[in-house]
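Structure record follows, encoded as C-alpha cells.
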Amino acid sequence: MRRLVLTLALASIALAACGGGSAASPPASAATAPPASGAAGAPQILPIFVSSEILAGKNRFLFSLTDRANNVVAAPDVPVALEWYDVAAAPDQVAFTSDARFLWAIEGQKGLYAADVEFPTAGRWGVRFTASFPDGRSEQVRADFDVAAAGSTPAIGAPAISVDTPTAADVGGDLAKVSTDTAPNPAFYQTSVADALSAKEPFVLVFATPAFCQTAICGPMLDNVKAVAADYPTLTFINVEPYKMVFADGRLQPELADGQLQAAVWTDAWGLRTEPWIFVVDGSGKVTAKFEGAVAKDELTAAFDAVAPSTGRATGIVIAVDQPSITQVNSFTLRTDAGAELVFGVGPLDLTDGGFNAGHLREHMTTGTAINVAFEVAESRPIATKLTDAN
Numbered sequence: 007m008r009r010l011v012l013t014l015a016l017a018s019i020a021l022a023a024c025g026g027g028s029a030a031s032p033p034a035s036a037a038t039a040p041p042a043s044g045a046a047g048a049p050q051i052l053p054i055f056v057s058s059e060i061l062a063g064k065n066r067f068l069f070s071l072t073d074r075a076n077n078v079v080a081a082p083d084v085p086v087a088l089e090w091y092d093v094a095a096a097p098d099q100v101a102f103t104s105d106a107r108f109l110w111a112i113e114g115q116k117g118l119y120a121a122d123v124e125f126p127t128a129g130r131w132g133v134r135f136t137a138s139f140p141d142g143r144s145e146q147v148r149a150d151f152d153v154a155a156a157g158s159t160p161a162i163g164a165p166a167i168s169v170d171t172p173t174a175a176d177v178g179g180d181l182a183k184v185s186t187d188t189a190p191n192p193a194f195y196q197t198s199v200a201d202a203l204s205a206k207e208p209f210v211l212v213f214a215t216p217a218f219c220q221t222a223i224c225g226p227m228l229d230n231v232k233a234v235a236a237d238y239p240t241l242t243f244i245n246v247e248p249y250k251m252v253f254a255d256g257r258l259q260p261e262l263a264d265g266q267l268q269a270a271v272w273t274d275a276w277g278l279r280t281e282p283w284i285f286v287v288d289g290s291g292k293v294t295a296k297f298e299g300a301v302a303k304d305e306l307t308a309a310f311d312a313v314a315p316s317t318g319r320a321t322g323i324v325i326a327v328d329q330p331s332i333t334q335v336n337s338f339t340l341r342t343d344a345g346a347e348l349v350f351g352v353g354p355l356d357l358t359d360g361g362f363n364a365g366h367l368r369e370h371m372t373t374g375t376a377i378n379v380a381f382e383v384a385e386s387r388p389i390a391t392k393l394t395d396a397n
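Numbers 7 to 397, taken from the working numbering, label the letters of the sequence shown in order.
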C-alpha cells in the first residue's frame, strides 16, 4: 500500500506534538527581523512552498517564509504581496499580482499564508514575495516552480470518489474505534462517503487524525470544522482517519509497515499525499471546494454556504418543546438522525386555530416522538421558520 508522505514544507512549520488544538498556548512573538549577515545581495527571506499540489487553473496557494537562520517570520503583522511570472513566455515580466492572507495553522503558535491564484497554463512559473516588516523594512525573494496539468486529488468540479468509509454503526457505536479525536462529534461518524453520494446529499469530508497527525494541525483544523458545522444542520459531515488503523489496548493505533504510517484505502482512493485535507461536495456529487492544511473559519463558511440548501427535510426525535401553554408552541428542538440538533422556530403558533401545520404539530409535539418535516433555514442558521408536513 502506498505511504502517505509528509512533505518537507509542511514539516518545517509543524510542531512536534499533534493534538486537539484546544489547549492554551502563549501568543506568537513578533516577526523576527532577517539577519544582516550573508553574501551581498543575497535574499534575507526564504520561501517555503506548503501546497503539495500546484496546478493549472484555480489554486489555494499555501506558503511560509523564514529568515536565513531558518526562523519562521510569517506573522499577522507581516503582510506579503505576490508578483507572478510566466517563465516560459516572459520570465521577467509580471503576468499578474495578488495579495496573501495570513492563517494560523495552530492558533497563536504557528502560521502561514494563503493566496487565491489561477494559472492559465501548466509549465514553469515564478513568484516574487515582498514581505513588509513592522519596523518599515521590506524584503523580497523570487522562486520559480512547476505548475502541473493535473493533481492526484479530485479537481474542483470533478466527481467525488465513492468509497466505503467507517461509521459508528460499523463498530457498535464506539467512536473510539473510528476516530482518534478526544472529543468527537457523533454526527461526523454516521454516514459513509458512498452512502452520502448515493443519497445525493451535500457533504463535507475531513481527512484528519488528531492523535497521529504528521503536520501538527489536524486537531486544530478539525476543531475549526466542528465549530462551524453547528451552523449547518442540513450538511452531512464525515471525518476519517487518513492512516490504516487497528484497535488495540482500548484505542486506535496505526498499523505500521517498516516503521512507517500507511495510507488507508479511502486515502489512496482520494489521492492524498499529505494530511489534513477537507473536501466539500454538492448534491450532484461534484467537488466544489478543497482545503489542504490550515484553513480559516471564514473560508469554511463560504464553502459550506455554496452547497448548504436553504430548504431541506429533517427526520429525528423531538427532544425539547418551548410550549407556554397546551395550545401554544414557540419552538421545538429536533435531534436529527445524523446527530445534529435543529431548532424549529414555529411561533408563537396557536394550535387551536387550524392554521398552518397545526394538526401535524398537535399530533407530534411531545418529547421523545419521531417527526419528519420539510423546512426552510433562516439566514443559513439552524432556525427553521416555515414548516410543512413531510409525512
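For every residue, glycine included, the Cβ atom is placed at its ideal position computed from N, Cα and C.
- Residue burial is scored here from C-beta neighbours: residue 102 has fewer than 16 other C-beta atoms within 10 angstroms and is therefore classed as exposed.
- By the beta-carbon neighbour count (other beta carbons within 10 angstroms, threshold 16), residue 303 is exposed.
- A contact between stretches requires three or more CB pairs, one per stretch, nearer than 8 Å, and the stretch 184-198 meets this requirement with the stretch 238-245.
- In the DSSP annotation of this structure, residue 85 is not part of any alpha helix (DSSP H), being labelled neither H nor E.
- The shortest C-alpha to C-alpha distance from residue 268 to any of 255, 284, 277 and 251 is the one to 251.
- DSSP links residue 339 through a beta bridge to 326 and 349.
- Residue 230 sits in a helix when the DSSP states are folded into three classes.
- Assigned with DSSP and collapsed to three states, residue 250 falls in coil, not helix or strand.
- Contact between the stretch 71-80 and the stretch 103-120 is present: three or more C-beta pairs spanning the two stretches fall below 8 Å.
- Look at residue 272 here: in three-state DSSP terms it is helix.
- Using a Cβ distance threshold of 8 Å, residue 281 and residue 221 count as a contacting pair.
- Taking C-beta atoms as the reference points, residue 208 and residue 289 count as a pair closer than 8 Å.
- Here DSSP, grouped into helix, strand and coil, assigns residue 295 to strand.
- DSSP, read as helix, strand or coil, puts residue 103 in strand.
- Between residue 63 and residue 94, the CB-CB gap reaches or exceeds 8 Å.
- Looking at the backbone, the Cα of residue 57 and that of residue 225 are separated by about 19 Å.
- Within its own chain, the residues whose Cβ lies closer than 7 Å to the Cβ of residue 227, once the five positions on either side in sequence are excluded, are 214, 282, 300 and 301, listed in chain order.
- With fewer than 16 other Cβ atoms inside 10 Å of its own Cβ, residue 206 counts as exposed.
- Residue 274 and residue 338 have their C-alpha atoms some 43 Å from each other.
- By the CB criterion at 8 Å, residue 197 and residue 184 fall outside the cutoff.
- A Cβ-Cβ separation of about 5 Å places residue 137 in contact with residue 84 under the 8 Å criterion.
- Within the stretch 134-170, complete beta strand (DSSP E) segments of at least 3 residues are found at 144-153, given in chain order.
- Rounded to whole angstroms, the Cβ separation of residue 291 and residue 165 is 6 Å, and the two are in contact under 8 Å.
- Looking at the DSSP output, residue 194 shares a beta bridge with no other residue.
- Taking residue 341 as reference, the option from 334, 373 and 125 with the minimal CA-CA separation is 373.
- The criterion of a C-beta distance shorter than 8 Å is not satisfied by residue 186 and residue 262.
- DSSP, read as helix, strand or coil, puts residue 278 in coil.
- C-alpha of residue 182 to C-alpha of residue 170: approximately 18 Å in a straight line.
- A distance below 8 Å separates the beta carbons of residue 71 and residue 52.
- Within the same chain, Cβ atoms closer than 6 Å to the Cβ of residue 284 are found at 212 and 297, the five residues on either side in sequence being excluded.
- In the three-state DSSP reduction, residue 71 falls in the strand class (E or B).
- Residue range 199-204 is occupied by the alpha helix (DSSP H) that includes residue 199.
- Judged by beta-carbon spacing, residue 92 lies within the 8 Å limit of residue 131, meaning their Cβ atoms are closer than that value.
- For residue 255, there is no enclosing alpha helix (DSSP H), as DSSP gives it neither H nor E.
- Bounds of the alpha helix (DSSP H) holding residue 304 are 303-311.
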